[in-house]
Amino acid sequence: MTKDAFSDWTKVIKTTTKPDKESGAINPAIQLSSTFEQRDFDHFGHWDYARSGNPTRDVLEESIAELEHGTRGFAFATGMAAISTALLTLNQGDHVILTKNVYGGTFRLVEEVLTKYGISHTFVDLGNPADLEEAFQDNTKVVYVETPSNPTLQVTDIRLVAQIAHDHGALVFADNTFMTPVLQKPLDLGADLVVHSATKFLAGHSDILAGLVVTKDEEFGKQIYFLQNAMGATLGVSDSWLLMRGIKTLAVRMEKESQNALELSQWLEQQELVTKVNYPGLEADVGYAVHSSQAKSGGAVLSFDIGSEDNVRQLVAELKIPIFSVSLGAVESIISYPPKMSHAEMNTEERHDRGITDGLVRYSVGLEDINDLKADLHQAFLKIKE
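Numbering-wise (this note's numbering), the sequence shown opens with residue 11 and increments by one.
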């Protein structure tokens with residue numbers, strides 16, 4: 011049996027467990043060295059300076075490349091460093107199309123940073139093929155997909171977008187943070203590059219910041235490596251090791267958290283105070299059919315609307331279990347208010363146009379007992395109705 015035949019449940023263990031040939035230690039060593047001795051004046055070894063490569067980080071980068079079915083993987087200091095590096099493969103005068111419901115940090119990057127370097131952009135509802143076709147310009151080089159999107163969980167058909175983009179000579183970049191490679195593999199669906207905020211589900215414990223990029227094509231991988239080395243936003247050695255430790259339990263965490271999220275979203279649909287539930291694992295969700303065709307489950311993040319900012323303010327005050335935080339993807343449940351957190355950069359009109367209403371709450375479901383999570387929300391809803 012070859013390693014390619016292993017399931018992801020096995021690969022998350024095997025790709026991060028690399029026994030040392032001399033000591034027998036089953037975990038990769040944390041190589042705390044900024045530089046490496048070169049023993050031959052004319053022939054340097056594989057490693058010379060830690061920004062350019064480190065044995066510990068190498069194992070992590072090889073792991074994510076294998077899990078995503080890519081050729082090369084790259085580890086960065088944050089998710090935004092990974093996204094920035096991917097988009098900086100564009101040149102002055104290039105144009106990028108992005109999903110309308112994109113993460114707030116990505117929105118800020120293209121709106122306030124890339125424009126300074128002559129890189130233009132258009133936000134499009136990628137669920138509408140006609141709108142996507144219309145958005146292409148002669149200088150369009152990339153279509154940027156985030157599916158499910160943050161925080162409205164809008165689904166994009168990666169296969170269809172890739173077909174349209176490639177017909178126009180453009181590449182497809184996909185943010186796979188919400189699904190992770192154990193639930194969805196964008197490269198297999200036609201994407202050319204995948205990015206992750208590995209801070210979230212891949213690390214899984216709210217203890218590090220990290221970003222990852224995986225490329226399908228070896229030559230394109232060389233471009234990413236050049237930028238990674240040139241700009242230096244690499245992931246530190248200790249955090250690389252912690253991220254690998256998190257990946258070891260990724261499959262089991264995603265399975266349980268996704269089960270919890272599905273049950274919680276079904277329960278939320280029945281609550282009088284809730285006007286809308288966004289979760290692609292629900293059969294009633296508009297993106298259910300497409301999502302089910304390209305992902306193994308709905309994932310562990312959902313969002314729901316309870317009508318107003320005042321209601322959200324009271325909900326946050328009354329809840330006992332979830333942490334009120336800007337992040338997601340951890341073993342603990344985390345509740346967020348996108349208008350003041352992840353999408354605070356957008357003005358009210360921009361937010362509402364993207365479905366990010368004043369009463370919208372994002373809920374990253376953790377490993378707690380599902381009955382406790384429902385009971386906690388129930389008591390909070392009762393208090394809001396009083």
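Here a beta-carbon is modelled for each residue, glycine too, at the ideal position from N, C-alpha and C. Note that the structure is predicted; figures quoted are calculated from it, not measured.
If you look at His206, you'll find it in the beta strand (DSSP E) that goes 203–207. Relative to the Cα of Leu77, the nearest Cα in the group Asn37, Pro196, Leu170, Leu98 belongs to Pro196.
Below 8 Å, too few C-beta pairs join the stretch 166–180 and the stretch 112–127 to call them touching: fewer than three.
Cβ neighbours of Tyr373 within its own chain (closer than 6 Å, five residues either side excluded): Leu312, Ile345. Taking one beta carbon from each stretch, the stretch 281–296 and the stretch 47–66 have fewer than 3 pairs nearer than 8 Å; the two do not touch. Restricting attention to beta strand (DSSP E) runs no shorter than 3 residues, the stretch 333–379 encloses them at 344–346, 370–374, ordered along the chain. For the stretch 91–120, the full-length alpha helix (DSSP H) segments reaching 4 residues or more read 114–118 along the chain. Taking the CA atoms as reference points, Pro332 sits about 23 Å from His206. A straight-line Cα-Cα distance of about 13 Å links Gln147 and Leu108.
Per DSSP, the beta-bridge partners of Lys286 are Asp315. Along the length of the stretch 229–267, whole alpha helix (DSSP H) runs at least 4 residues long occupy 247–258, reported in chain order. Taken through DSSP and simplified to helix, strand or coil, Asp141 comes out as helix.
Judged by DSSP in its simplified three-state form, Gly89 adopts helix.
Judged by DSSP in its simplified three-state form, Asp185 adopts strand. In the DSSP assignment, Val223 is bridged to Phe84, Val205. By the criterion of at least three beta-carbon pairs nearer than 8 Å, the stretch 244–262 is in contact with the stretch 35–45. Excluding its 5 nearest sequence neighbours in each direction, Gly256 has C-beta neighbours in its own chain below 7 Å: Leu212, Ala213, Gly214, His215, listed in chain order.
The beta-carbon distance between Leu100 and Val152, rounded to whole angstroms, is 6 Å. This is short enough to meet the 8 Å contact definition. Counting every other CB atom within 10 Å of its CB across the protein chains shown gives Ile218 a total of 16 or more, marking it as buried.
Contact between Glu71 and Phe84 holds, with the beta-carbon distance rounding to 6 Å and staying under 8 Å.
For the pair Gly137 and Thr162, the CB atoms are not nearer than the 8 Å cut-off. The beta carbon of Ala60 sits closer than 6 Å to those of Ser44, all from its chain and outside the five residues before and after it, given in chain order. Taking the Cα of Val326 as reference, the smallest distance to any Cα among Glu143, Gln389, Val223, Thr81 is reached at Gln389. Between Val223 and Thr95, the beta carbon gap of about 6 Å places them in contact (Cβ cut-off 8 Å). Nearest in C-alpha terms to Ala385, of all of Asp202, Leu338, Glu328, Arg169, is Glu328. Taking the Cα of Gln281 as reference, the smallest distance to any Cα among Ala299, Phe314, Ala91, Val22 is reached at Phe314.
In terms of Cβ geometry, Phe230 and Leu203 form a close pair [threshold 8 Å]. In this structure, DSSP gives Ser130 an extended state, which the three-state scheme calls strand. In this structure, Ala91 lies near Gly221, with their beta-carbon atoms less than 8 Å apart. The C-alpha of Asp18 lies about 36 Å from the C-alpha of Leu124. Exclusion of the five residues before and after Leu252 leaves Ile218 as the residues of its chain whose Cβ lies within less than 6 Å of its Cβ.
By the CB criterion at 8 Å, Val371 and Val322 fall inside the cutoff.
Bridge partners of Val153 according to DSSP: Ile107, Val182.
Look at Thr166 here: in three-state DSSP terms it is coil, with no helix or strand label.
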